[in-house]
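S.K.: Mind looking over this structure? Questions follow.
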Amino acid sequence: MLRKLLRLVLATLVRLVLRPQVKGLDNLPAGPFIIAANHLSFFDSLFIPILTPRRVHFVGKQGWLEMPGLKGKLQSFFFRSIDMVSVDKSSGTGVTSGLTDALDILKRGQVVGIHVEGGRSPDGRLYKGNSGVAWLALAGGYPVVPCGLIGTEKVHPVGSKRLRIARFSINFGAPLTFEESHGSQSNRHVRRAVTDRITEAIAAQSGQEYADIYLSTVRERMKQNSGT
Numbered sequence: 001m002l003r004k005l006l007r008l009v010l011a012t013l014v015r016l017v018l019r020p021q022v023k024g025l026d027n028l029p030a031g032p033f034i035i036a037a038n039h040l041s042f043f044d045s046l047f048i049p050i051l052t053p054r055r056v057h058f059v060g061k062q063g064w065l066e067m068p069g070l071k072g073k074l075q076s077f078f079f080r081s082i083d084m085v086s087v088d089k090s091s092g093t094g095v096t097s098g099l100t101d102a103l104d105i106l107k108r109g110q111v112v113g114i115h116v117e118g119g120r121s122p123d124g125r126l127y128k129g130n131s132g133v134a135w136l137a138l139a140g141g142y143p144v145v146p147c148g149l150i151g152t153e154k155v156h157p158v159g160s161k162r163l164r165i166a167r168f169s170i171n172f173g174a175p176l177t178f179e180e181s182h183g184s185q186s187n188r189h190v191r192r193a194v195t196d197r198i199t200e201a202i203a204a205q206s207g208q209e210y211a212d213i214y215l216s217t218v219r220e221r222m223k224q225n226s227g228t
């Protein structure tokens, strides 16, 4: 009950203040499916669940649930209230566990959301997708809806502590299906091909320039260049 009330309040506020444009809701299928999206803003994994008619469990890093102090407790409550699936990205075992939790949600007939880049783009480009989304799609034969977020970085720019009033768009494309590769989630070549196809479909919805490099690699280079 509290979750539904919080979602209603947040959705109403976002619609009234930010006036987002949401297109392609008719592309969301019945039954379980995966929303695969780009990532521009801290609030992306909030905007998608509250502005779609289905209950969406978004995959996010476990660290958001473990911040210290009152702010950390409020943040943890917030993310749990919007059904976040926590993933410990510090280890392969943690990632596998998080994806297994997401797969269980899909098996229950619900919807899972995932940012394929594994983090927020620092420059607005769309980076090479991680293959976790393909693993989920192939393991259960679930359709993948490509989602393009446009302008959310204006609401909360990377590195900023302040929110800004700015319009943004969410575009949902036609579902992608991979029946011919169902059950091939252990084949890394198949996972890579499926992930690339999904990422291309996201780019078609977001209009972003594609960068054929992992975001994690870019972040590591940025850290080295800054001397930290």
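According to UniProt numbering, the residues represented by the sequence shown are 1 to 228, in order. Don't be surprised by glycine CBs; every beta carbon is placed ideally from N, CA and C.
Would you kindly check if the distance between the Cβ of K107 and the Cβ of G140 is under 8 Å?
M.R.: Position 140 of the sequence shown holds residue 140. Position 107 of the sequence shown holds residue 107. The answer is yes: Cβ separation under 8 Å.
S.K.: Let's test the definition: count the other Cβ atoms within 10 Å of the Cβ of E153 and tell me whether it reaches 16, buried, or not, exposed.
M.R.: In the sequence shown, the residue the question calls residue 153 occupies position 153. Result: buried.
S.K.: Have a look at T12 and V116 and give me their C-alpha separation to the nearest angstrom.
M.R.: For the purposes of this step, residue 12 is taken as residue 12 along the sequence shown, with counting starting at 1. For the purposes of this step, residue 116 is taken as residue 116 along the sequence shown, with counting starting at 1. Roughly 28 Å between the two C-alpha positions.
S.K.: Could you tell me if R164 is buried or exposed, where buried requires 16 or more neighbouring beta carbons within 10 angstroms of its beta carbon?
M.R.: As a first step, residue 164 must be located in the sequence shown, where it is residue number 164. Classification for R164: exposed.
S.K.: Once the 5 residues before and after P32 are set aside, which same chain residues still bring their CB inside 7 Å of it?
M.R.: As a working mapping, residue 32 is identified with position 32 in the sequence shown. If we look at P32 and ignore the five residues flanking it on each side, its Cβ neighbours are L106, G109, Q110, V111 and Y142.
S.K.: Roughly how many angstroms separate the alpha carbons of D123 and A174, rounded to a whole number?
M.R.: Start at 1 with the first residue of the sequence shown, and residue 123 comes out as number 123. Start at 1 with the first residue of the sequence shown, and residue 174 comes out as number 174. Straight-line Cα distance between these residues: approximately 27 Å.
S.K.: What residues match up with Y127 in a beta bridge as DSSP calls it?
M.R.: Locating residue 127 in the sequence shown gives position 127, counting from the first residue. A211, per the DSSP bridge assignment.
S.K.: Helix, strand or coil: how does DSSP classify N171 here?
M.R.: The residue labelled residue 171 in the question sits at position 171 within the sequence shown. N171 falls in the strand class under three-state DSSP.
S.K.: Taking only three categories from DSSP, how would you classify G141?
M.R.: The sequence position of residue 141 within the sequence shown is 141, counting from 1. In this structure, G141 counts as coil in the three-state DSSP scheme.
S.K.: Measuring only the C-alpha atoms, how far is L99 from Q224?
M.R.: Here residue 99 corresponds to residue number 99 of the sequence shown, with the count starting at 1. Here residue 224 corresponds to residue number 224 of the sequence shown, with the count starting at 1. Approximately 30 Å between the Cα atoms of the pair.
S.K.: Which stretch, first to last residue, makes up the alpha helix (DSSP H) that contains V95?
M.R.: Reading the sequence shown from its first residue, position 95 is the one you call residue 95. It spans G92 to K107 - the alpha helix (DSSP H) in which V95 sits, taken as one unbroken run.
S.K.: Going by DSSP in three states, G69 sits in which element: helix, strand or coil?
M.R.: Reading the sequence shown from its first residue, position 69 is the one you call residue 69. Of the three classes helix, strand and coil, the one that applies to G69 here is helix, per DSSP.
S.K.: Give a yes or no on contact between the segment 10 to 29 and the segment 126 to 140, applying the rule of three or more CB pairs nearer than 8 Å.
M.R.: Output reads no: the segment 126 to 140 does not touch the segment 10 to 29.
S.K.: Going by the beta-carbon positions, is the gap between F58 and S45 smaller than 8 Å?
M.R.: The residue labelled residue 58 in the question sits at position 58 within the sequence shown. The residue labelled residue 45 in the question sits at position 45 within the sequence shown. It is a contact, given that the beta carbons lie within the stated cut-off.
S.K.: Under the three-state reduction of DSSP, which class applies to P146: helix, strand or coil?
M.R.: Taking the first residue of the sequence shown as 1, we reach residue 146 at position 146. The answer is strand: DSSP assigns P146 an E or B state.
S.K.: Among V56, L8 and A102, which residue has its Cα nearest to the Cα of W135?
M.R.: Numbered from its first residue, the sequence shown carries residue 135 at position 135. W135 has its Cα closest to that of A102, out of V56, L8 and A102.
S.K.: Would you please verify whether the beta carbon of T12 is less than 8 Å from any beta carbon of chain C?
M.R.: As a matter of chain content, chain C is missing from the structure shown, which is built from one protein chain.
S.K.: Taking all protein chains shown into account, do 16 or more other C-beta atoms lie within 10 angstroms of the C-beta of V9, making it buried, or fewer, making it exposed?
M.R.: The sequence position of residue 9 within the sequence shown is 9, counting from 1. Its Cβ having fewer than 16 others within 10 Å, V9 is exposed.
S.K.: Start and end of the beta strand (DSSP E) containing Q110?
M.R.: As a first step, residue 110 must be located in the sequence shown, where it is residue number 110. Per DSSP, Q110 belongs to no beta strand (DSSP E) and is neither H nor E.
S.K.: Among L6, A137, I48 and S97, which one has its Cα closest to the Cα of residue 229?
M.R.: Outside the shown range of the chain (1 to 228) lies residue 229, about which nothing can therefore be said.
S.K.: Might you give, ordered along the chain, the residues of its own chain that have their beta carbon closer than 6 Å to the beta carbon of F47, omitting 5 neighbours on each side?
M.R.: Locating residue 47 in the sequence shown gives position 47, counting from the first residue. So no residue of the chain qualifies.
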